[in-house]
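Engineer: Questions regarding the structure given below will be posed in turn.
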Amino acid sequence: MLEDKNPQRTPLSELGEFGLIDHLTKSFKPKQKSTLKGIGDDSAVLDFGKNQVVISTDLLVEGVHFDLSYMPLKHLGYKAVVVNLSDIYAMNAMATHVTISIAVSNRFPLEALEELYEGIETAARLYDIDVIGGDTTSSTSGLMISVTALGTLKKGSEVLRSGAKANDLLVVTGDIGGAYMGLQVLEREKEVFKVNPNNQPDLSMYTYIIERQLKPEARKDIVKLLEQLKVKPTSMIDISDGLSSEIIHLCKQSDLGVDLYETKIPLDPQVIATCEEFDIDSTTIALNGGEDYELLMTISQADFPKIKGNPNLTVIGYMTDKKSGMHLVTRADTRIPIIAKGWNAIKD
Ligand code: ADP
Ligand code: MG
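Whatever position you read off the sequence shown (first residue = 1), add 34 for the working numbering.
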C-alpha cells in the first residue's frame with residue numbers, strides 16, 4: 035500500500051468551490067505576454083495583436099449537473115454548448131468555435147450519443163460556431179461532457195468583472211428564477227412518476243420555466259444589442275449561479291458595494307405563479323436559483339438614456355463604495371446584506 039505522505043486531510047467543503055479554485059491556482063502567475071486575463075473571469079482573454087481570443091471551459095457531470103431521467107440527451111447536448119457560449123458573451127465577445135469531450139459508459143447505445151450530438155449540432159448551427167475537436171473516453175460512473183468555447187473580440191472591447199465604478203447602474207438582461215423553478219417542477223413530476231408511471235402530467239402551465247431549465251439560450255443578442263446601442267458595460271458576468279453570487283463577484287472584483295432593489299428584479303409571471311404554488315419566496319429564487327444564463331452588467335449613468343425603456347435590459351440597482359457594503363433594499367424599504375447561497379458544486 036502507498037504510504038500516506040500527507041496525513042493532513044482537509045475536507046473540500048471547508049473551502050467551497052471558489053475557495054478551492056483560489057487555493058489551487060494562487061501560485062499561477064501569467065508569464066505569457068498574451069495572457070491579458072487568466073483565471074478569475076467568465077473566460078480568459080488572450081491578446082494576439084490585432085485580435086483577441088477568449089476561451090472558456092465547463093464540465094457537466096451526470097447526477098451533479100443533469101439527470102437523464104428528465105433531461106433528454108438532445109437537450110443536454112444543446113445546453114452543454116450554450117452554457118459555455120454564455121461565458122464567451124459575458125466578456126462582450128462573439129463565440130466562434132467549441133471542442134467537445136465526452137466520457138461515456140457502455141450503458142449508452144450509439145443512438146443515445148447520436149441524440150446528444152444532434153443537440154450539439156443544433157446549438158452550433160443556431161449560434162453560428164464550428165465544432166473543431168474534442169476527446170472521447172470511457173467512464174465507469176455515468177456521462178461527463180466537457181466543452182471548451184473560443185471567441186473573439188476587438189482589442190479593448192473586452193468587459194471584465196473588475197471594471198465597475200461607484201454609481202454605475204446594475205443592469206440585468208431578460209428575467210430570472212425560471213430555470214430553478216422549472217427544475218422544481220421536473221423534480222416533483224419525477225417523484226410522481228416513480229409512484230405512478232402511467233400518470234401523464236399536464237405541464238402546459240409550466241412551459242416557459244421548463245424550457246428555461248432544459249433548453250436555455252445564451253445572450254448573443256445582447257452583445258450585438260450593446261454594440262448597436264453604443265454601450266460598453268463597465269463590467270459583466272453571466273448569471274449561472276444566481277443573482278446574489280454573481281453580484282458578489284462583481285463587487286469583490288471591482289472593489290465596490292451595491293444597492294439592489296427587490297422591486298426591480300425582473301420575474302416572469304410563470305415564475306411568480308409557480309413560487310406561490312410551491313410556497314417559496316420569488317426573491318429568494320431570483321437571488322439564489324441559478325442557471326438562468328442571463329447577463330449581469332454595470333453601465334455608467336451617462337449611458338442610461340441609451341438603454342432606457344429597452345425591454346431586454348432592466349436596471350435593478352447601483353454600485354456603491356465598498357464600505358457601504360452589499361445590500362438588498364426590500365419592498366418594505368429595509369436593507370438586508372447580500373450573501374451567496376447560490377449553486378456551489380462542492381459546498382452544500
Ligand atoms: P463560471 O461559473 O463562469 O464557469 P468558475 O466559477 O467555474 O466560472 O471559474 C472561475 C474561474 O476559475 C475561471 O477563470 C475558471 O477558468 C477558473 N477555474 C475553475 N476551475 C479551475 C481549475 N480546476 N483550475 C484552474 N482554473 C480553474
Ligand atoms: Mg460564468
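No residue lacks a Cβ here, since even glycine has one placed at the ideal position from N, Cα and C. Since this is a predicted model, take the numbers as computed values, not measurements.
Provide the residue span of the alpha helix (DSSP H) that contains L147, from first to last.
Structural biologist: L144 to L160 is the span of the alpha helix (DSSP H), which, as asked, contains L147.
Engineer: Buried or exposed: which applies to S139, given that a residue is buried once 16 or more other Cβ atoms fall within 10 Å of its Cβ?
Structural biologist: Its Cβ having fewer than 16 others within 10 Å, S139 is exposed.
Engineer: Of the residues K60, M128 and K113, which one's Cα is nearest the Cα of R246?
Structural biologist: Residue K113 is the option with its Cα nearest to R246.
Engineer: Go through its chain and collect everything with a Cβ distance to S103's Cβ below 7 Å, but skip five positions before and after it.
Structural biologist: Taken in chain order, the residues that qualify are K224.
Engineer: Just the C-alpha distance for A158 and S358, rounded to the nearest angstrom, thanks.
Structural biologist: So the two alpha carbons sit approximately 44 Å from each other.
Engineer: Any heavy atom of the ligand ADP closer than 8 Å to the beta-carbon of F52?
Structural biologist: Yes, the beta carbon of F52 sits closer than 8 Å to at least one heavy atom of the ligand ADP.
Engineer: Quick check: is any heavy atom of the ligand SAH less than 8 Å from the C-beta of D326?
Structural biologist: Within the structure as shown, the ligand SAH is missing, the only ligands being the ligand ADP and the ligand MG.
Engineer: How long is the line joining the alpha carbons of T170 and A374, rounded to whole angstroms?
Structural biologist: Going from the Cα of T170 to the Cα of A374 covers about 36 Å.
Engineer: In this structure, does DSSP put I380 in helix, strand or coil?
Structural biologist: Reliability of the predicted coordinates at I380 is poor, the pLDDT of 48 falling under 50, and no value is obtained from them.
Engineer: If we ignore side chains and look at the alpha-carbon of each, how far apart do A307 and V257 end up?
Structural biologist: The straight-line gap from Cα to Cα measures roughly 31 Å.
Engineer: Quick one: which unbroken beta strand (DSSP E) runs of 3-plus residues sit fully inside the region 160-238? Chain order, please.
Structural biologist: Counting whole runs of 3 or more residues, the region 160-238 contains the beta strand (DSSP E) stretches 164-172, 178-188 and 203-207.
Engineer: Return the residue from the list K63, V79 and F62 that minimises the CA-CA distance to S70.
Structural biologist: This sequence places Leu at residue 70; Ser is not what is there. Checked all of K63, V79 and F62; the closest Cα to L70 is V79.
Engineer: Is A366 helix, strand or coil by DSSP?
Structural biologist: Coil at A366, not helix or strand.
Engineer: DSSP three-state label for A114, please.
Structural biologist: The answer is helix: DSSP assigns A114 an H, G or I state.
Engineer: Have a look at R369 and T133 and give me their C-alpha separation to the nearest angstrom.
Structural biologist: When rounded, the distance between both Cα atoms is 45 Å.
Engineer: What I want to know is whether the C-beta of S274 ends up closer than 8 Å to one or more non-hydrogen atoms of the ligand ADP.
Structural biologist: Indeed, a heavy atom of the ligand ADP lies less than 8 Å from the Cβ.
Engineer: If you measure between the beta carbons of T182 and N118, is that distance less than 9 Å?
Structural biologist: Against a cut-off of 9 Å, the Cβ pair of N118 and T182 comes out as a contact.
Engineer: Using DSSP bridges, identify the partner residues of S90.
Structural biologist: Paired residue(s): A183.
Engineer: Using 8 Å as the threshold, is the region 359-366 in touch with the region 241-255, meaning 3 or more CB pairs across them?
Structural biologist: Segments in contact, no.
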